[in-house]
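Notes follow the structure.
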Amino acid sequence: MKSKITIRISDILRDQLNEKAQVEGVSTSELTRSILEEHCNSTERFESENFIENEQEIQEESEVFIENEQEIQVESENFFEKEYYALLDQFECLYEENEEFESSDIVRSVEFLQLVCWIYYQRSGFKILLSDEKYKKFQNTIIKIHSSKILGGELKNEFNKVFADLVGVEGNFFHQNSQLNFSKGILPKFNYSLLNNFIFKKNCGIIKVNI
């Protein structure tokens with residue numbers, strides 16, 4: 000069903016429509032109707048094409064965004080993976096160093112150093128006031144010396160002479176604070192030359208540490 004619409008136009012536009020209708024051999028009403036239909040259809044097509052283009056742009060932008068997100072995620076995973084293995088390597092190094100430290104020889108301990116200092120100080124003949132606990136500790140240190148892989152058997156036997164004196168004066172305050180027999184005389188029972196050779200020529204079993 001066709002509806003009637005009245006449109007007011009200028010005289011000039013009316014004349015132009017009449018001339019064009021005569022040229023095309025149609026009525027002015029038909030020409031006007033075809034012009035309006037073409038205009039409306041072209042507008043719809045334009046809007047439809049714009050909508051499709053916008054949809055495509057949005058989809059392309061979404062795909063680019065997703066790709067960027069995936070790249071960032073991969074980079075993050077690679078970064079954390081590298082950090083993880085770096086930390087793992089550090090942990091293994093520290094673990095090995097800790098194991099080496101825990102299993103290190105008695106020669107590398109503070110208690111061995113204290114015993115050696117005390118043995119040399121005994122040679123001086125000066126009185127050294129030590130507690131029963133300290134004498135007991137020296138005995139325990141000498142017992143551990145026999146498990147050393149660095150000290151030779153000959154030097155271990157020299158420490159046995161010290162051990163014998165420590166046991167002999169145990170509980171005797173007067174003898175504990177006097178020079179013990181292993182260090183007395185021009186030629187003491189304890190072979191200090193053997194200990195000197197171990198300390199100064201063998202570097203006392205010092206372990207090399209890289210920093």
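Position 166 of the sequence shown, counted from 1, bears residue number 165 in numbering that gives the first Met the number 0, the numbering being contiguous throughout.
For each residue, glycine too, the CB sits at the ideal point set by N, CA and C.
Computed from a predicted structure; not experimentally measured.
Look up LEU186 in the DSSP assignment and say whether it is helix, strand or coil.
As a working mapping, residue 186 is identified with position 187 in the sequence shown. In the structure shown, LEU186 adopts coil according to DSSP, grouped into three states.
How is GLU169 classed by DSSP in three states: helix, strand or coil?
The residue you call residue 169 lines up with position 170 of the sequence shown. Three-state result, GLU169: coil.
Whole-Å CB distance - PHE137 paired with LYS160, under 8 angstroms assumed:
Residue 137 sits at position 138 when you count from the first residue of the sequence shown. Residue 160 sits at position 161 when you count from the first residue of the sequence shown. With 8 angstroms as the limit, PHE137 and LYS160 do not qualify as a contact, their Cβ atoms being about 13 angstroms apart.
For the alpha helix (DSSP H) containing SER192, name the first residue and the last one.
Walking along the sequence shown from the start, residue 192 turns up at place 193. For SER192, the enclosing alpha helix (DSSP H) stretches over residues 191 to 200.
ASN196 versus GLY151: straight-line alpha-carbon distance, rounded:
Position 197 of the sequence shown, counted from the start, is the residue given in the question as residue 196. Position 152 of the sequence shown, counted from the start, is the residue given in the question as residue 151. About 12 angstroms.
Among VAL109, VAL166, PHE199 and VAL73, which residue has its Cα nearest to the Cα of ASP131?
Numbered from its first residue, the sequence shown carries residue 131 at position 132. In this structure, VAL166 is the residue among VAL109, VAL166, PHE199 and VAL73 with its C-alpha nearest to the C-alpha of ASP131.
Is the beta carbon of GLU169 less than 7 angstroms from the beta carbon of THR140?
To locate residue 169, count along the sequence shown from 1; it is residue 170. To locate residue 140, count along the sequence shown from 1; it is residue 141. Their beta carbons are not under 7 angstroms apart, which means GLU169 does not touch THR140 by this criterion.
Near ILE206, what residues of its chain come up, given a Cβ to Cβ distance below 6 angstroms and the 5 sequence neighbours on each side ignored?
Taking the first residue of the sequence shown as position 1, residue 206 is located at position 207. In this predicted model, ILE206 has a pLDDT of only 48, less than 50, meaning its place in the structure is not dependable enough to derive any value.
How would you label ASP14, buried or exposed, when you count the other beta carbons within 10 angstroms and need 16 or more for buried?
Your numbering for residue 14 matches position 15 in the sequence shown. It is exposed - the Cβ of ASP14 has fewer than 16 other Cβ atoms within 10 Å.
Please classify ASP131: does DSSP put it in a helix, a strand, or coil?
Taking the sequence shown and counting its residues from 1, the one referred to as residue 131 is at position 132. DSSP, read as helix, strand or coil, puts ASP131 in helix.
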